[in-house]
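Those sequence lines, one after another, are chains U and B.
Counting in full-length UniProt numbering, the first sequence runs from 1 upward without gaps.
Counting in full-length UniProt numbering, the second sequence runs from 1 upward without gaps.
Glycine is no exception: its CB is placed at the ideal position from the N, C-alpha and C atoms.
Keep in mind that this is a model prediction, so the values were computed, not measured.
What follows is a short report on a single structure.
2 protein chains.
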Amino acid sequence: MSVGGHIALTPIDDPADSRIEVFRDIRERDLVGRGGFIAEGAVVLDQLLASSFFQPTALLVLRNRLAGLMPRLAGLRPGVPVYVAERAVFDAVAGFPVHRGVMAHAVRRPEKRPLSLPAMTARGALFTVAAGISNHDNMGAIFRNAAAFGVDAVILDETSCDPLYRKAIRVSVGSVLRVPFIRLGAVEQIVEELEGLGVECLALAPGASVPLQRWRPAPSSALFLGAEGEGLPPAVWTRMKALRIEMAPGLDSLNVAHCAAIALHHAFLHRSPPAR
Amino acid sequence: MSVGGHIALTPIDDPADSRIEVFRDIRERDLVGRGGFIAEGAVVLDQLLASSFFQPTALLVLRNRLAGLMPRLAGLRPGVPVYVAERAVFDAVAGFPVHRGVMAHAVRRPEKRPLSLPAMTARGALFTVAAGISNHDNMGAIFRNAAAFGVDAVILDETSCDPLYRKAIRVSVGSVLRVPFIRLGAVEQIVEELEGLGVECLALAPGASVPLQRWRPAPSSALFLGAEGEGLPPAVWTRMKALRIEMAPGLDSLNVAHCAAIALHHAFLHRSPPAR
Chain U
1 MSVGGHIALT
11 PIDDPADSRI
21 EVFRDIRERD
31 LVGRGGFIAE
41 GAVVLDQLLA
51 SSFFQPTALL
61 VLRNRLAGLM
71 PRLAGLRPGV
81 PVYVAERAVF
91 DAVAGFPVHR
101 GVMAHAVRRP
111 EKRPLSLPAM
121 TARGALFTVA
131 AGISNHDNMG
141 AIFRNAAAFG
151 VDAVILDETS
161 CDPLYRKAIR
171 VSVGSVLRVP
181 FIRLGAVEQI
191 VEELEGLGVE
201 CLALAPGASV
211 PLQRWRPAPS
221 SALFLGAEGE
231 GLPPAVWTRM
241 KALRIEMAPG
251 LDSLNVAHCA
261 AIALHHAFLH
271 RSPPAR
Chain B
1 MSVGGHIALT
11 PIDDPADSRI
21 EVFRDIRERD
31 LVGRGGFIAE
41 GAVVLDQLLA
51 SSFFQPTALL
61 VLRNRLAGLM
71 PRLAGLRPGV
81 PVYVAERAVF
91 DAVAGFPVHR
101 GVMAHAVRRP
111 EKRPLSLPAM
121 TARGALFTVA
131 AGISNHDNMG
141 AIFRNAAAFG
151 VDAVILDETS
161 CDPLYRKAIR
171 VSVGSVLRVP
181 FIRLGAVEQI
191 VEELEGLGVE
201 CLALAPGASV
211 PLQRWRPAPS
221 SALFLGAEGE
231 GLPPAVWTRM
241 KALRIEMAPG
251 LDSLNVAHCA
261 AIALHHAFLH
271 RSPPAR
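This is the structure we're talking about:
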């Protein structure tokens, strides 16, 4: 069945159909971390279709949502199969009741070259460094804020969790598919590499002497976000410029993603105009 | 058994023991919304013990966490029972594996009178109004930010969810037990009441002509936060001062709790010194 030009719709009546293998037991898949990932829902699908970094390999659509999704599906590359199923088949494949009516399996675009930090820095860049972020909600929220405030790339240390985990994609509202990211090694190495490029490295610390509002970003800056609870290793943040988010006395610190929202909003307002 | 002065420790060996009825099936309890609530974990317990609004009626402690918790338990009112159980009993009572080693059942302090908005406004106040906030993570995060940035009270409209739901307490890191809150009626009535008191009512709207950083809070201000997705009803926000959080073009709006973090941080920095 083919409609709207090149869109190839394939009805699926049997949850065991091998053509929809990539959508099977997607909760479990999160745990084993096989290649590719699942993007759920129309809003995230939009981000996927607009992504320079990722592309869908197949879609699974709930039959009663198909008509509403057709305008979006026009953006699919020719040849990407669109499987269509009723609710019972849809949920049986996924392994749990899915609230959203569309899932895309996606992979990294093969032609895409890795980010070049030197080239980005030469143009002037704002980076966010996630160092030891282990919570998928926080990771997703960091990307959503990074997208909102024009962060050029998110750098992940070796211990941070995967932004392409289902929950992180969902909380980011698909921003993990649009904001460039790169995974490097230990946070100490990331500081060294960025400092070597002339990037201003910043940490947020409750006891820092400089309040955030006094800071004006350098042509290239990197905001480091440390692990929930412990924060950045002292050996790392003591060598950086530290900024304080002022708050009421006697309180627990803010959530890391909320800190990021406040600091990135400030950076967005005060960045030098980019050279590009 | 009694140690450390007045602390009455009672071992519990049988999950069916009627003395620990208030801790039974606490997930289910969330759904039925009976009187009282459950505070979990040592950090939230600290907030409960310091709360002017709520007080514990009973504690259930994992045996191997008891020694570490003893300094905190010294803050308990005499007569509040502390039940002590092994892991198997603890989890069987709660109805699921509990990660934290202490749970407190708590109620509102009977002697506490409701908040007086006129009295607070007369002293100069910063309010946050949750209007149609239905997600417990967002509600908890709004309270955590309200605590960090010195909000005097959170006002809930009739449709917002309960800040004393387990997940909201947890995400707030106990801030819902410290930041005063009051539930009123429809959001339209809340605007009228606050305007009648001379409180500046503010909405955040992507299309607003005034950017947040231009705003300076009035002696008393109220930041209205609308429902995830729809935002505030147009009839409500069009009568208020609207502020825009500047962000990169072409993007989905920020999460409501992240908006609150940014706007409340700004308000905290620029509030007039309170008269009290």
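Checklist line | M103 of chain B - partner residues in DSSP beta bridges | finding: Here the question's residue 103 of chain B lines up with position 103 in the second sequence. Beta-bridge partners assigned by DSSP to M103 of chain B: B:E40, B:L60.
Check: What residue range is occupied by the uninterrupted beta strand (DSSP E) comprising residue 277 of chain B?
Finding: Residue 277 of chain B is absent from the model: chain B starts at 1 and stops at 276.
Margin query: If the criterion is Cβ atoms closer than 9 Å, does the pair G101 of chain U and R27 of chain U meet it?
Written below: Here residue 101 of chain U is taken as the residue at index 101 of the first sequence, counted from 1. Here residue 27 of chain U is taken as the residue at index 27 of the first sequence, counted from 1. The criterion of a C-beta distance shorter than 9 Å is not satisfied by G101 of chain U and R27 of chain U.
Next item on the list: Output, in chain order, the set of chain B residues within a Cβ distance shorter than 7 Å of G68 of chain U.
Entry: Start at 1 with the first residue of the first sequence, and residue 68 of chain U comes out as number 68. The contacting residues do not exist; G68 of chain U stays about 17 Å from chain B at best.
Note to self: Counting only C-beta atoms, is L177 of chain U closer than 9 Å to chain B at any point?
What the structure shows: Taking the first sequence and counting its residues from 1, one reaches residue 177 of chain U at position 177. Any Cβ of chain B closer than 9 Å to the Cβ of L177 of chain U would place that residue at the interface, and such an atom is absent.
Check: Are the beta-carbon atoms of I12 of chain B and L73 of chain B separated by less than 9 Å?
Finding: Along the second sequence, one-based indexing puts residue 12 of chain B at 12. Along the second sequence, one-based indexing puts residue 73 of chain B at 73. No. Outside cutoff.
Notebook entry, point to check: Using CA coordinates, which residue listed in B:G250, B:R109, B:V173 is at the minimum distance from I142 of chain B?
Noted result: As a position in the second sequence, residue 142 of chain B is number 142, starting the count at 1. Measuring from the Cα of I142 of chain B, the nearest candidate turns out to be B:V173.
Check: What is the DSSP secondary structure of G231 of chain B, counted as helix, strand or coil?
Finding: Looking up residue 231 of chain B in the second sequence gives position 231. G231 of chain B: strand per DSSP, three-state reduction.
Check: By the 10 Å Cβ neighbour count, where 16 or more other Cβ atoms means buried, how is S221 of chain U classified, buried or exposed?
Finding: As a first step, residue 221 of chain U must be located in the first sequence, where it is residue number 221. Looking at its Cβ environment, which holds 16 or more other Cβ atoms inside 10 Å, S221 of chain U is buried.
Margin query: By the three-class DSSP mapping on this structure, what secondary structure does residue 282 of chain U have?
Written below: In this structure chain U extends from 1 to 276, so residue 282 of chain U is not present and cannot be described.
Notebook entry, point to check: In chain order, what residues of the same chain lie with their CB nearer than 8 Å to the CB of S134 of chain U, ignoring the 5 residues before and after it?
Noted result: Position 134 of the first sequence, counted from the start, is the residue given in the question as residue 134 of chain U. Contacts found: T159, S160, C161, A227, E228.
Notebook entry, point to check: What separation, rounded to the nearest whole angstrom, lies between the Cα atoms of A235 of chain B and Q189 of chain B?
Noted result: Residue mapping note: residue 235 of chain B aligns to position 235 of the second sequence, counting from 1. Residue mapping note: residue 189 of chain B aligns to position 189 of the second sequence, counting from 1. Near 12 Å, if we compare the C-alpha coordinates of Q189 of chain B and A235 of chain B.
Next item on the list: Within the stretch 74-139 of chain B, note down every full beta strand (DSSP E) run reaching 3 residues or more, in order along the chain.
Entry: If we require 3 residues or more, the beta strand (DSSP E) runs fully inside the stretch 74-139 of chain B come out as 82-85, 102-108, 126-131.
Next item on the list: Report yes or no: do three or more beta-carbon pairs, one from the stretch 118-130 of chain B and one from the stretch 192-200 of chain B, lie closer than 8 Å?
Entry: With the cut-off at 8 Å, the stretch 118-130 of chain B and the stretch 192-200 of chain B touch.
Checklist line | C-alpha gap between E21 of chain B and F181 of chain B, whole angstroms | finding: Translated into positions along the second sequence, residue 21 of chain B becomes position 21. Translated into positions along the second sequence, residue 181 of chain B becomes position 181. Our two residues, E21 of chain B and F181 of chain B, have alpha carbons roughly 28 Å apart in a direct line.
Notebook entry, point to check: Taking 9 Å as the CB-CB limit, is R19 of chain U close to chain A?
Noted result: Judged by its chain identifiers, the structure shown contains no chain A, and its protein chains are U and B.
Margin query: If you reduce the DSSP assignment to three classes, tell me which class C259 of chain U lands in.
Written below: As a first step, residue 259 of chain U is located in the first sequence; it is residue number 259 there, counting from the start. Helix.
Next item on the list: Figure out for me which residue from B:F37, B:T10, B:S18, B:G185 has the closest Cα to the Cα of K167 of chain B.
Entry: Residue 167 of chain B sits at position 167 when you count from the first residue of the second sequence. The option with the nearest alpha carbon to K167 of chain B is B:F37.
Note to self: Within the continuous alpha helix (DSSP H) that includes G191 of chain U, where are the two ends?
What the structure shows: Along the first sequence, one-based indexing puts residue 191 of chain U at 191. What sits at residue 191 of chain U in the sequence shown is Val, not Gly. It spans 187-196 - the alpha helix (DSSP H) in which V191 of chain U sits, taken as one unbroken run.
Notebook entry, point to check: Alpha carbon to alpha carbon, what distance is there between L164 of chain U and S175 of chain U?
Noted result: To locate residue 175 of chain U, count along the first sequence from 1; it is residue 175. To locate residue 164 of chain U, count along the first sequence from 1; it is residue 164. Answer to the nearest angstrom: the Cα atoms are 10 Å apart.
Checklist line | For I142 of chain B, the three-state DSSP class (helix, strand or coil) | finding: Here residue 142 of chain B corresponds to residue number 142 of the second sequence, with the count starting at 1. Three-state DSSP puts I142 of chain B in a helix.
Check: Considering only C-alpha positions, which residue in the set B:M139, B:H265, B:E86 is nearest to P217 of chain B?
Finding: Locating residue 217 of chain B in the second sequence gives position 217, counting from the first residue. The shortest Cα separation from P217 of chain B among B:M139, B:H265, B:E86 belongs to B:H265.
Check: Name the chain B residues whose beta carbon is nearer than 8 Å to that of A248 of chain U?
Finding: Along the first sequence, one-based indexing puts residue 248 of chain U at 248. Chain B residues near A248 of chain U: A147, A148, F149, G150, F268.
Notebook entry, point to check: Less than 9 Å separating the beta-carbons of P56 of chain B and V84 of chain B?
Noted result: Position 56 of the second sequence, counted from the start, is the residue given in the question as residue 56 of chain B. Position 84 of the second sequence, counted from the start, is the residue given in the question as residue 84 of chain B. The answer is no: Cβ separation not under 9 Å.
Margin query: I need the straight-line Cα distance from M1 of chain B to A106 of chain B, nearest angstrom please.
Written below: By 1-based counting over the second sequence, the position of residue 1 of chain B is 1. By 1-based counting over the second sequence, the position of residue 106 of chain B is 106. Note that M1 of chain B scores 45 on pLDDT, short of 50, meaning its location in the model is unreliable and no value can be drawn from it.
Check: By Cβ distance below 8 Å, which residues in the same chain neighbour A130 of chain B in space, the five residues on each side in sequence not counted?
Finding: Working through the second sequence from its first residue, we reach residue 130 of chain B at position 130. Residues of the same chain with a CB within less than 8 Å of the CB of A130 of chain B, apart from the 5 flanking positions on each side, are M139, I142, V154, I155, L156, D157, S160, L225 in chain order.
Notebook entry, point to check: Is A50 of chain B near L254 of chain U, with beta carbons less than 9 Å apart?
Noted result: The residue given as residue 50 of chain B occupies position 50 in the second sequence. The residue given as residue 254 of chain U occupies position 254 in the first sequence. Not closer than 9 Å, so no.
Note to self: Just to confirm my understanding: we take R108 of chain B, look at its own chain, exclude 5 residues before and 5 after, and list those with CB closer than 7 Å. What are they?
What the structure shows: Here residue 108 of chain B refers to the residue found at position 108 of the second sequence. Cβ neighbours of R108 of chain B beyond the five flanking positions: F53, F54.
Next item on the list: Could you check how far apart the C-beta atoms of H243 of chain U and L212 of chain U are, in whole angstroms? I think they sit under 8 Å.
Entry: Taking the first residue of the first sequence as 1, we reach residue 243 of chain U at position 243. Taking the first residue of the first sequence as 1, we reach residue 212 of chain U at position 212. The residue you asked about is not His; residue 243 of chain U is Leu in the sequence shown. Contact between L243 of chain U and L212 of chain U holds: their C-beta atoms lie close to 5 Å from each other, under 8 Å.
Checklist line | Closer than 9 Å to chain B by CB, I245 of chain U | finding: In the first sequence, counting from the first residue as 1, residue 245 of chain U sits at position 245. At least one chain B Cβ lies under 9 Å of I245 of chain U.
Notebook entry, point to check: For P211 of chain U, does the three-state DSSP call read helix, strand or coil?
Noted result: Along the first sequence, one-based indexing puts residue 211 of chain U at 211. Here P211 of chain U sits in strand by DSSP.
Margin query: Applying the 10 Å Cβ sphere with the 16-neighbour rule, what's the burial state of R144 of chain B?
Written below: In the second sequence, residue 144 of chain B corresponds to position 144, counting from 1. Answer is buried; the Cβ neighbour count reaches 16.
Check: Which partner residues does P11 of chain B have in the DSSP bridge list?
Finding: Taking the second sequence and counting its residues from 1, one reaches residue 11 of chain B at position 11. Beta-bridge partners assigned by DSSP to P11 of chain B: B:V84.
Margin query: Helix, strand or coil, according to DSSP, for E200 of chain B in the structure here?
Written below: Residue mapping note: residue 200 of chain B aligns to position 200 of the second sequence, counting from 1. Here E200 of chain B sits in strand by DSSP.
Item checked: Within chain B, partners of A141 of chain U - CB distance below 8 Å -> In the first sequence, residue 141 of chain U corresponds to position 141, counting from 1. For A141 of chain U, the chain B residues whose Cβ falls inside 8 Å of its Cβ are N255, H258, in order along the chain.
Notebook entry, point to check: Got a sec, what are the start and stop residues for the beta strand (DSSP E) R183 of chain B sits in?
Noted result: On the second sequence, position 183 is the one that residue 183 of chain B refers to. First-last of the beta strand (DSSP E) with R183 of chain B: 181-183.
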